[in-house]
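Quick notes on the structure that follows.
Right, here's the structure in full:
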């Protein structure tokens, strides 16, 4: 079971074991990680599950698809490693993934 580390703005870390095939957003919600609102429930129709993927993981996680890029236009303080956590599917290769949650969501 892959492990994901969520870091909230104050530096607090949440280490979560995640099921393959689920999303980074779903695991944050299931484990009450603060800062992931997920208003659309994972439909890529808002930008309230925005995260920053740690740079060392950006290549493994991959780049956003066109629809996600469009939604990121509405996210708060987008950075080069910004992703919507509802679009990151958990798989074995992401064991150890670290994502940071912005100060606020869109």
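Numbering (the working numbering), first residue to last: 2 to 107. Where is the CB? At the ideal position from N, CA and C, for every residue including glycine. Only a predicted model underlies this, so the values are computations on that prediction, with no experimental measurement involved.
| Query | Result |
| --- | --- |
| Buried or exposed by the 16-neighbour rule on C-beta atoms within 10 Å, applied to residue 19 | buried |
| Local conformation of residue 61 per DSSP, three classes | helix |
| Cβ-based neighbour list, residue 55, same chain, cut-off 6 angstroms, excluding 5 preceding and 5 following | 99 |
| Closest by C-alpha distance to residue 102, when choosing among 71, 26 and 51 | 51 |
| Whole-angstrom distance between residue 13 and residue 22, CA atom to CA atom | 26 angstroms |
| Residues of its chain near residue 58, where Cβ-Cβ distance is below 7 angstroms and the 5 sequence neighbours each way are ignored | 98 and 99 |
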